[in-house]
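Participant: Quick one: the structure is below, and I'll ask about it shortly.
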Amino acid sequence: DQQVKQNSPSLSVQEGRISILNCDYTNSMFDYFLWYKKYPAEGPTFLISISSIKDKNEDGRFTVFLNKSAKHLSLHIVPSQPGDSAVYFCAGIYNAGNMLTFGGGTRLMVKP
Amino acid sequence: IAGITQAPTSQILAAGRRMTLRCTQDMRHNAMYWYRQDLGLGLRLIHYSNTAGTTGKGEVPDGYSVSRANTDDFPLTLASAVPSQTSVYFCASSVQQGTEAFFGQGTRLTVV
Numbered sequence: 004d005q006q007v008k009q010n011s012p013s014l015s016v017q018e019g020r021i022s023i024l025n026c027d028y029t030n031s032m033f034d035y036f037l038w039y040k041k042y043p044a045e046g047p048t049f050l051i052s053i054s055s056i057k058d059k060n061e062d063g064r065f066t067v068f069l070n071k072s073a074k075h076l077s078l079h080i081v082p083s084q085p086g087d088s089a090v091y092f093c094a095g096i097y098n099a100g101n102m103l104t105f106g107g108g109t110r111l112m113v114k115p
Numbered sequence: 007i008a009g010i011t012q013a014p015t016s017q018i019l020a021a022g023r024r025m026t027l028r029c030t031q032d033m034r035h036n037a038m039y040w041y042r043q044d045l046g047l048g049l050r051l052i053h054y055s056n057t058a059g060t061t062g063k064g065e066v067p068d069g070y071s072v073s074r075a076n077t078d079d080f081p082l083t084l085a086s087a088v089p090s091q092t093s094v095y096f097c098a099s100s101v102q103q104g105t106e107a108f109f110g111q112g113t114r115l116t117v118v
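Protein chains in written order, with this note's numbering: chain A, 4 to 115; chain B, 7 to 118.
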């Protein structure tokens, strides 16, 4: 049973428009969520995070929103750029646990 | 440059053979992890180590073993490789359990 789910395997967006990547989770014990970005033939790199006590965190073009009641988070990229084309993974952590639990990933393609 | 180094970058391995994937970090992180990435399943934790001398099982530990003799090294061993272990393997580390993880570049393993 996947505790973190990314139901859209891929997303295509025009350059300059908004990209919205979604993530749902089932484990209510998660108290911290992270987004990772992965280019082909490279390891994932940390992008942005949010604590469960917040509902929004912003860093430049990237904003993460958390809706705890719906167990849903989303990553907004505005404006999208071709260099944003990558696979994006969301992950949850709980302090009593020992691991990041990842979703299946969403491949974002930003078209020039 | 500080970070995580994995070796080899890629490997084709005959089924039944033994293989050790190497991972070294120079950030003096306490926690280290091994994940495998498979299409649609995201990154799944194989084994982890919260500190030198201790290890634990993740989500998919069967067929794999690890050791943590010192802070820097965390090798992953496949005692007798099977085709279902064909995957991309990522080593990661974090300052302590449950915090943001930094990933290596990955090892692409094909078991034939």
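By construction, the Cβ of each residue, glycine as well, lies at the ideal position given by its N, Cα and C atoms. Predicted model, so just to flag it, every value in this text is computed and none were measured.
What residues from the segment 45 to 63 of chain B come within 9 Å of chain A, judged by C-beta to C-beta, listed N to C?
Facilitator: Leu45, Gly46, Leu47, Gly48, Leu49, Arg50, Leu51, Tyr54, Asn56 and Gly62
Participant: Return no unless some Cβ of chain B is closer than 9 Å to the Cβ of A:Ala89.
Facilitator: Answer no: the Cβ-Cβ gap between A:Ala89 and chain B never drops below 9 Å.
Participant: From A:His75 to A:Cys26, what distance separates their C-alpha atoms?
Facilitator: 6 Å
Participant: What is the C-beta distance between A:Arg64 and A:Pro82, in whole angstroms, given that I count them as a contact (C-beta under 8 Å)?
Facilitator: 7 Å
Participant: In whole angstroms, what is the alpha-carbon distance linking A:Gln84 and A:Asp62?
Facilitator: 15 Å
Participant: In its own chain, which residues sit with a C-beta less than 7 Å from the C-beta of B:Ala107, not counting the 5 before and 5 after it?
Facilitator: The answer, listed in chain order, is Tyr39, Ala98, Ser99 and Ser100.
Participant: Shortest alpha-carbon distance to A:Leu14 belongs to which of A:Ala73, A:Ile96, A:Leu78 and A:Phe105?
Facilitator: From the listed residues A:Ala73, A:Ile96, A:Leu78 and A:Phe105, the smallest Cα separation to A:Leu14 is found for A:Leu78.
Participant: What residues of chain A sit near B:Ala107, judged by a beta carbon separation below 7 Å?
Facilitator: Leu103
Participant: Is the segment 73 to 84 of chain B touching the segment 101 to 114 of chain A, taking contact as three or more C-beta pairs under 8 Å?
Facilitator: no
Participant: Should A:Ala89 be labelled buried (16 or more other beta-carbon atoms within 10 Å of its own) or exposed?
Facilitator: With 16 or more other Cβ atoms within 10 Å, it is buried.
Participant: Strictly by DSSP, which residues pair up with B:Asp79?
Facilitator: The partner list for B:Asp79 (beta bridge, DSSP) reads B:Thr30.
Participant: Looking only at its own chain, which residues have a Cβ that is under 6 Å from the Cβ of A:Met32, when we skip the five neighbours before and after it?
Facilitator: Tyr97
Participant: Between the beta-carbon of A:Asp34 and the beta-carbon of A:Ser55, is there less than 9 Å?
Facilitator: yes
Participant: Whole angstroms is fine: what's the gap from A:Ser72's alpha carbon to B:Ala21's?
Facilitator: 47 Å
Participant: Check A:Gly95 in the structure and name its three-state DSSP category.
Facilitator: strand
Participant: Going along the segment 38 to 57 of chain A in order, which residues come within less than 9 Å of chain B, judged by CB to CB distance?
Facilitator: Tyr39, Lys41, Ala44, Glu45, Gly46, Pro47, Thr48, Phe49 and Ser52
Participant: Quick one, which of A:Thr29, A:Gly19 and A:Phe36 has its alpha-carbon nearest A:Phe92's?
Facilitator: A:Phe36
Participant: Assign A:Thr86 to one of three DSSP states: helix, strand, or coil.
Facilitator: The sequence given here places Gly at residue 86 of chain A; Thr does not occur at that position. Note: A:Gly86 maps to helix in three-state DSSP.
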